[in-house]
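Asker:
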Amino acid sequence: MKTFILLAALVALSGCAQLQQQARERQAAADRLERIQTDRLATIPRSDQIECAMQGQQADAMTQDPRALLNLEAAANGARVRQACLDARYARAHGN
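Counting in the numbering used here, the sequence shown runs from 9 upward without gaps.
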């Protein structure tokens, strides 16, 4: 019985270690992505960044609804509009 308990504890610890490793890998990937996005954003003129932010806000305003869930969807839509605008400006600035 003690052997079974020890074996179960080892399996549980092994699973925890794997989950911790996966979490570290996901965080490292998120950090790399954030650095890439920050570097990309630095190459887009500030006036274009402001214009893209305004387009995102306009998309938010056009889809506002008194129900909270739809407001969250509107914010997500505004973020997509802003990101699409920034992606287009980045591509234009780099001849893509």
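From the three backbone atoms N, C-alpha and C, an ideal C-beta is built for every residue, glycine too.
Please state whether DSSP places I58 in a helix, a strand or coil.
Answerer: Reduced to three states, the DSSP call for I58 is helix.
Asker: Considering only residues of the same chain and omitting the five flanking positions on each side of S22, which have a CB-CB separation below 8 Å?
Answerer: None.
Asker: Answer with buried or exposed for R58, where buried requires no fewer than 16 other C-beta atoms within 10 angstroms of its C-beta.
Answerer: Position check: residue 58 holds Ile in this sequence, whereas Arg was assumed. I58 is exposed by the Cβ-count criterion.
Asker: Label C93 either buried or exposed according to how many other C-beta atoms from any shown protein chain fall within 10 Å of its C-beta, with 16 as the threshold for buried.
Answerer: C93 comes out buried.
Asker: Assess, as a yes-or-no matter, whether the region 84 to 101 is touched by the region 50 to 65 under the definition of 3 or more beta carbon pairs within less than 8 Å.
Answerer: Enough Cβ pairs lie closer than 8 Å, so yes.
Asker: Can you name, in chain order, every residue of its own chain whose Cβ lies under 8 Å from the Cβ of Q2, other than the five neighbours on each side?
Answerer: Beyond the ends of the chain as shown, which are 9 and 104, falls residue 2; an answer cannot be given.
Asker: Return helix, strand or coil for L51, following the three-state DSSP convention.
Answerer: Here residue 51 is Thr; the residue named in the question, Leu, does not match the sequence. Coil.
Asker: If you draw a straight line from the C-alpha of L14 to the C-alpha of C24, how long is it?
Answerer: The alpha-carbon atoms of L14 and C24 are separated by roughly 15 Å.
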